[in-house]
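The structure appears below as structure tokens.
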Amino acid sequence: MNGALLEVRGLRVEFDGFRAIDGVDLTVEQGELRFLIGPNGAGKTTLIDVITGLTRPAAGSVRFEGWDLVGRREHEIVRMGVGRTFQTSVVFEQLTVTENLDLAASFRRPLWALARRRRGVSEAVDAAMRTTGLTELAGRPAGVLSHGQRQWLEIGMLIAQRPRLLLLDEPVAGMSGEERVRTGELLTEIAKDHTVIVIEHDMDFLRRYASQVTVLHEGKVLVEGSVEQVRADPRVQEVYLGRRAEPGTDAGAGPGPAGGPAEAPDAGPVVGTSVGEGM
Ligand SMILES: Nc1ncnc2c1ncn2[C@@H]1O[C@H](COP(=O)(O)OP(=O)(O)OP(=O)(O)O)[C@@H](O)[C@H]1O
Ligand SMILES: [Mg+2]
């Protein structure tokens, strides 16, 4: 392994000739909590899809601990230590919290371990339960959990697989303010012993919990840096704010930047918060 945990180079993804990712380089060091932001359609989810083997790139490489992930199957990449959540929930509603965690943990468990399992809850499951604060809900079916609790269960299911790299796609979407705070604390906790990449739109959330941020726009890396650098960057303000840019910038002129009409719903919290404010 040569330094970085994840190295993406010259990545290009095409859907019927449309370049969803168009020449992305991304380096994430061991132990980082990296935020990935960008308007709707910027290519954030597609980037995670490529890293996790769901989508094959037209060009470029993805190295994890020095190994090229391109061309590997999804389950192989999970076994190598890369775990992800999806934009939509994937818990088993009829199973309890413990059963969901146990099932997730078993994906990476070698066969011999499966054969001797079930002497109580495994250590990985127990740890995931404690980290996510779900211990009191252990025996409840996942179907009765609140939206926030489901998200934490999904994150717990990831941790139970003992990944070295976690990729979280909009974990706080649809959460209440209180749930967001708990999630931020959870991410901070997880980042102590994992490398984490989080896709998020909410600028308030970033301001509180992010250090390094990568901004994607139209399949390219627009800016990369600290939250302060990113927030102060006029290109980011233009892409995110369009007509609602800071006074004194000219980004207000056009009918909205390249993100176009699709930008509206998800980008809401960011626009509402104003990227440049409070600096
Ligand atoms: N399977 C696919 N087939 C065709 N086009 C796709 C496919 N997946 C994604 N795209 C397109 O690629 C672009 C990037 O999509 P992606 O889902 O990566 O964006 P995103 O940054 O995650 O956006 P959002 O914030 O809405 O989740 C979009 O224009 C999208 O319509
Ligand atoms: Mg997405």
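Under our numbering, the final residue of the sequence shown carries the number 285; numbering is consecutive throughout.
For glycine and all other residues, C-beta sits at the position ideal for the given N, C-alpha and C.
Keep in mind it's a predicted model, so treat the numbers as computed, not measured.
Under the three-state reduction of DSSP output, His81 falls in the helix class. Relative to ligand 2, the nearest heavy atom lies less than 7 Å away from the CB of Thr51. Across the set Gly231, Gly225 and Val204, the C-alpha of Val204 shows the shortest separation from the C-alpha of Gly89. By the CB criterion at 8 Å, Glu38 and Gln218 fall inside the cutoff.
Beta-carbon to beta-carbon, Arg40 and Thr220 are separated by about 6 Å, close enough to satisfy the 8 Å threshold. Under the three-state reduction of DSSP output, Phe41 falls in the strand class. Contact check for Thr138 against Leu159 passes: the beta carbons are separated by less than 8 Å.
The Cβ atoms of Ala148 and Leu101 lie closer than 8 Å to each other. Boundaries around Val19 are those of the beta strand (DSSP E), Leu12 to Phe21, since no alpha helix (DSSP H) includes it. Secondary structure note for Leu222: its beta strand (DSSP E) is the uninterrupted segment Gln218 to His223. A distance below 6 Å between beta-carbons, with the five flanking residues on each side excluded, links Val131 to the following residues of its chain, in chain order: Leu107, Asp108, Ala111 and Ala166. With respect to the C-alpha of Arg156, the residue from Val84, Arg168, Met135 and Gln243 having the closest C-alpha is Met135. Shortest gap from the CB of Asp175 to any heavy atom of ligand 2: under 7 Å.
Closest in C-alpha terms to Arg146, from the list Val56, Ala10, Glu185 and Glu105, comes Glu105.
Contact annotation: Ile27 and Val34 have beta-carbon atoms that are not nearer than 8 Å.
Between Thr58 and Glu80, the C-beta gap is smaller than 8 Å, which places the two residues in contact. Distances from the alpha-carbon of Phe21 to those of Leu11, Ala64 and Val242 put Ala64 closest. The beta carbons of Gly154 and Leu140 sit no closer together than 8 Å. Taking each of Ser152, Val245, Val229 and Gly225 in turn and checking the Cα distance to Val56, the smallest one comes out for Gly225. Judged by beta-carbon spacing, Arg237 lies beyond the 8 Å limit of Leu228, meaning their Cβ atoms are not closer than that value. Between the C-alpha atoms of Ala216 and Val233 there is a straight-line separation of about 7 Å.
Secondary structure at Ala144: coil, using DSSP grouped into helix, strand and coil. Ser232: member of the beta strand (DSSP E) spanning Lys226 to Ser232, first to last residue. Glu142 and Thr91 have their C-alpha atoms roughly 23 Å apart.
One thing to note: Ile43 has its Cβ within 8 Å of the Cβ of Glu206.
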